Amino acid sequence: MGRPFSQEIKQISYTYNWAKAIEIEPVFLDLEEKNLWIIGSGGSTSACELLSLLQFKFSRIGFATTPLELQYRQNALDSNSNIAFISASGRNSDILFGFDTAINHEPANIFNICLKKKSLLSEKAAPFSIAKTIEFDIPTGKDGFLATNSLIAYFTLLPKLFGLTTNVSNLEPAPSFLSDLNEFANSLIEDFTITVLYGGWGKPVAIDIESKFSEAGLGNILLADYRNFGHGRHNWFDKKKRQSAIIAIVTPEEKEIAEKTLKLLPSSIPVQFLISEEYEHNASLELLIQAFWVVDRFGKKCGIDPGRPGVPDYGSKLYKLKYSKFYQTSLPKGVTQKEYLAVSRKTGNGNSISIDSFSTWIKYYSEYKRNLEKTQFNGLIMDYDGTLCSSDEKYKGPREEIKNWINNFLKNGIFIAFVTGRGKSIREVLQEFIPQLYWNKVVVGYYNGSQIGLLEDSSLPNAIPIDSHLITIEQLLLNEPLLKHKVELDSRLGQLTAKFISSENINSLKQLMIDLIRNSFPFKVQILESSHSIDIILIETTKSKVIEYCTKLLNGANQDLKFLSIGDRGKWPGNDYQLLSNHYSLSVDQVSSDPKSCWNFASKGIRRVEATLEYFNAMNINESFFKIKI
26 MGRPFSQEIK QISYTYNWAK AIEIEPVFLD LEEKNLWIIG SGGSTSACEL
76 LSLLQFKFSR IGFATTPLEL QYRQNALDSN SNIAFISASG RNSDILFGFD
126 TAINHEPANI FNICLKKKSL LSEKAAPFSI AKTIEFDIPT GKDGFLATNS
176 LIAYFTLLPK LFGLTTNVSN LEPAPSFLSD LNEFANSLIE DFTITVLYGG
226 WGKPVAIDIE SKFSEAGLGN ILLADYRNFG HGRHNWFDKK KRQSAIIAIV
276 TPEEKEIAEK TLKLLPSSIP VQFLISEEYE HNASLELLIQ AFWVVDRFGK
326 KCGIDPGRPG VPDYGSKLYK LKYSKFYQTS LPKGVTQKEY LAVSRKTGNG
376 NSISIDSFST WIKYYSEYKR NLEKTQFNGL IMDYDGTLCS SDEKYKGPRE
426 EIKNWINNFL KNGIFIAFVT GRGKSIREVL QEFIPQLYWN KVVVGYYNGS
476 QIGLLEDSSL PNAIPIDSHL ITIEQLLLNE PLLKHKVELD SRLGQLTAKF
526 ISSENINSLK QLMIDLIRNS FPFKVQILES SHSIDIILIE TTKSKVIEYC
576 TKLLNGANQD LKFLSIGDRG KWPGNDYQLL SNHYSLSVDQ VSSDPKSCWN
626 FASKGIRRVE ATLEYFNAMN INESFFKIKI
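Set out below in structure tokens:
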């Protein structure tokens, strides 16, 4: 079982150089929601703690927890949460059950970070559009009994998710460190207890020391940060003098507090220092390597190889214990999974509302669904970005499946309108894949509906002078020092778009701009949000004007025309809020709280373009109209 620990630590440099060379998209920089739940167990818990610290570095909340703890805290999960699962193999039952729990709450995003490709976790996540697996095949293969090279990989790779690089030169301990460590280990009697003191970026390393000493049976470890140690934990040394020692983890930030803390203790207490002159995540990695050598030395002292300490039969049974049946959640009596899902999206959390309120919501759900399914729709009015086109497809256009559906609707006489914050670029994309014979059957609402016309009209959007309010607002934002080099302004016809140059502190920049504009121009303009920009538009501009335009365009025969609206940001101040405020509307992501509009009936864990495709597949198309069966 496993490999000798001495062989594991010889591969540290190889693993570090492999991980350092890998390019990773900094996906955590682009997260609009701040909260990140970080789930891991066993050896992965120290990597979870590092990821938590990285979150806090970027002014976001990072909450590291175990899969079992998640069961007791799951009611705090909602659509504003992000979740990251860290699992080297992606196959243990704890992490798989944790994923099941998380997906039931439909967080904003789920990230699975694995060091093995095609894991059970990645297979479980594959059907859900909100889940993304970031996976690698670590060249050193599976760790021995203790997480070793997998942690070197994680400590090098995780900062890259925030656009950071790791640069550590001390991949092997100095001879003086090994000499001090040898003296420290020899000074301890049998049945010793070591208190590990840490602060800040040393915490992931402290957690790993405790994990390895416990899992390999090397000795007793107590953990405390430098100040919590002062709240009574120091009394251990007075009562257990001969059995006790300290490992002090020190970065430049802890240098002074560590020095003053240890000076107050009796000089007879053995102390081993783990010291790094690096900062933040670089310090964590350098200290982790030193900690591995501590584990190796104490393995020799105890006569135990930490890489293969031997596991009793009951240990294997404990590891493989499947506990999911102990934590089954049940739906309210008489409520189906689809009903519960739709209501939870409306309320934020189905578990947080009373039975009476839930019953009322179910009535609204049933009435809305019944009304949609009995209606014959003459056309579709759709948002574009996030609904028909993902962020990855922004510059190349929708995927072929979407294009085929749109042309199929047009072929069968279904009227289509697109409404978007874009300008000329949307017309050019649509004209590329929609046959010209249908261009007079397609309406485009440019710049959030400030200009509306047929796709065949290549003069749109035209050069209408920019409104004086928008010109003044543009100057206000350009002259604000707090926004300089952080926001790019794009003056369009009927709207002003502010795009964020950096992904850092987007929410605070949004709030700054919103307050500046609202305080200077109350009730003069609207401010609508998308993920990486805000649109400032005139108060009379609205995406719902496209519905009025289409009705007038087609109503020469005085027909009772019905249009189904589909968008992704139906929650105010999302830029589809008005489009989805009518009685025939479906969201593929965010919903408003209005029970009479803007429901999301997509399957669990399915959002945006994938949800749009679900709706399309639920439609029964006839000549000049369609019906939907959700």
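Just so we're aligned: 396 in my numbering is position 371 of the sequence shown, and the numbers increase by one with no gaps anywhere. The beta carbon of each residue, even a glycine, is placed where N, CA and C say it ideally should be. Given the structure is predicted, the values throughout are model-derived calculations rather than measurements.
- The Cβ neighbour count for residue 339, taken over all protein chains shown within 10 Å, is under 16; the residue is labelled exposed.
- With respect to the 9 angstroms criterion, residue 491 and residue 518 are classified as neighbours on the basis of their beta carbons.
- Taken in chain order, the whole alpha helix (DSSP H) runs of length 4 or more contained in the region 258-344 are 260-264, 280-288, 305-327, 338-344.
- When secondary structure is reduced to three states using DSSP, residue 429 falls in the helix class.
- One Cα belongs to residue 47, the other to residue 159, and the distance between them is close to 12 angstroms.
- Counting only the Cα atoms, residue 172 lies some 19 angstroms from residue 146.
- Judged by DSSP secondary structure, residue 90 falls within the beta strand (DSSP E) whose first and last residues are 87-90.
- In this structure the region 31-44 does not touch the region 125-135; the number of beta carbon pairs closer than 8 angstroms is below three.
- Between residue 184 and the set 627, 81, 561, the nearest pair of CA atoms involves 81.
- Counted as a single uninterrupted DSSP element, the alpha helix (DSSP H) harbouring residue 34 occupies residues 30-35.
- Ranking 362, 354, 228 by CA distance to the CA of residue 299 puts 228 first.
- Where residue 137 is concerned, the enclosing beta strand (DSSP E) starts and stops at 134-139.
- Under the three-pair Cβ rule at 8 angstroms, the region 70-89 counts as touching the region 216-234.
- A distance below 8 angstroms between beta-carbons, with the five flanking residues on each side excluded, links residue 434 to the following residues of its chain, in chain order: 405, 441, 646, 651.
- Between the C-alpha atoms of residue 318 and residue 198 there is a straight-line separation of about 8 angstroms.
- Residue pairing by DSSP places residue 160 opposite 139 in a beta bridge.
- The three-state reading of DSSP puts residue 611 in strand, counting E and B together.
- Excluding residues up to 5 positions away in sequence, 322, 323, 326 lie with their Cβ nearer than 7 angstroms to the Cβ of residue 210 in the same chain.
- Pairing residue 609 with residue 579 gives a Cβ-Cβ distance that is not under 9 angstroms.
- If you keep only unbroken alpha helix (DSSP H) runs of at least 4 residues inside the region 547-621, you get 570-579.
- Cβ neighbours of residue 193 within its own chain (closer than 6 angstroms, five residues either side excluded): 307, 310, 311.
- Between residue 614 and residue 633, the C-beta gap is smaller than 9 angstroms, which places the two residues in contact.
- An exposed status is given to residue 125, since fewer than 16 other beta-carbon atoms sit within 10 Å of its beta-carbon.
- As computed with DSSP, residue 107 is found in a beta bridge with 61, 134.
- Using a Cβ distance threshold of 9 angstroms, residue 88 and residue 121 do not count as a contacting pair.
- In the DSSP annotation of this structure, the continuous segment of the beta strand (DSSP E) that includes residue 471 starts and ends at 467-471.
- One alpha carbon belongs to residue 334, the other to residue 275, and they sit about 29 angstroms apart.
- Put simply, of 551, 535, 140, 149 the residue whose alpha carbon is nearest the alpha carbon of residue 166 is 140.
- The beta carbon of residue 179 lies closer than 6 angstroms to those of 72 in the same chain, with the five residues before and after it left out.
- Cβ-Cβ distances below 8 angstroms link residue 49 to 159, 182, 185, 186 in the same chain, with the five nearest sequence neighbours on each side left out; the list follows chain order.
- DSSP, reduced to helix, strand and coil, places residue 485 outside both helices and strands of the structure shown, so it counts as coil.
- For residue 207, the enclosing alpha helix (DSSP H) covers residues 200-212.
- Counting along the chain, the unbroken beta strand (DSSP E) around residue 441 starts and ends at 440-444.
- Here residue 42 is exposed. Its C-beta has fewer than 16 other C-beta atoms within 10 Å.
- Taking all protein chains in view, the Cβ of residue 70 is crowded by 16 or more other Cβ atoms within 10 Å, so the residue is classified as buried.
- In this structure, the straight-line span from the alpha carbon of residue 602 to that of residue 127 is close to 27 angstroms.
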